[in-house]
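Visitor: I have a structure I would like to understand better, so I am pasting it below and will then ask my questions one at a time.
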Amino acid sequence: SFLQILVHFGFLLAIGRGVCRLPPRELYLASNANVGGPTTAAAMAQAKEWKRLVLPALLIGILGYASATAIALALGPVLLRLPLIGR
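As structure tokens, this is what we get:
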């Protein structure tokens with residue numbers, strides 16, 4: 012689990028800073044929204060007094076929930092058809 016978060020954060024920083032040239036605080040919130048969800052990202056923005064980033068943190072977290080749900084619903088039936096190992 013730690014390795015997943017580390018890889019996620021590494022890619023986010025590499026692409027966000029290198030390609031998109033986004034400020035670090037926006038990348039930190041984006042990471043928090045993807046890993047912890049919209050409420051933790053909004054709480055982080057509020058705690059850090061990044062008031063203009065509270066609403067975007069909520070919206071990105073909700074977008075993550077919506078896209079992940081759609082992907083899971085599409086991928087679930089495919090995975091159910093795979094043969095089980097050792098069966």
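Under our numbering, the first residue of the sequence shown is numbered 12, with each subsequent residue one higher. Yeah, the Cβ is synthetic: ideal placement off N, Cα and C, and Gly gets one too. All values reported here derive from a predicted model rather than from experimental measurement.
How about Leu70 and Ala56: are their beta carbons less than 8 Å apart?
Guide: Against a cut-off of 8 Å, the Cβ pair of Ala56 and Leu70 comes out as no contact.
Visitor: Tell me the residue span of the alpha helix (DSSP H) that contains Pro35.
Guide: Where Pro35 is concerned, the enclosing alpha helix (DSSP H) stretches over 35-47.
Visitor: Compute the beta-carbon to beta-carbon distance between Ala52 and Ala44, rounded to the nearest angstrom, for a pair I have assumed lies under 8 Å.
Guide: Yes, Ala52 and Ala44 are in contact; Cβ-Cβ is about 4 Å, under 8 Å.
Visitor: Under a Cβ-count criterion, where at least 16 other Cβ atoms within 10 Å of its own Cβ denotes burial, should Ala68 be classed as buried or exposed?
Guide: That one is buried.
Visitor: Please report the distance separating the alpha-carbon of Gly97 from that of Val18.
Guide: In this prediction, Gly97 has a pLDDT of 49, which is less than 50 and means its spatial position is unreliable; nothing more can be read from the coordinates.
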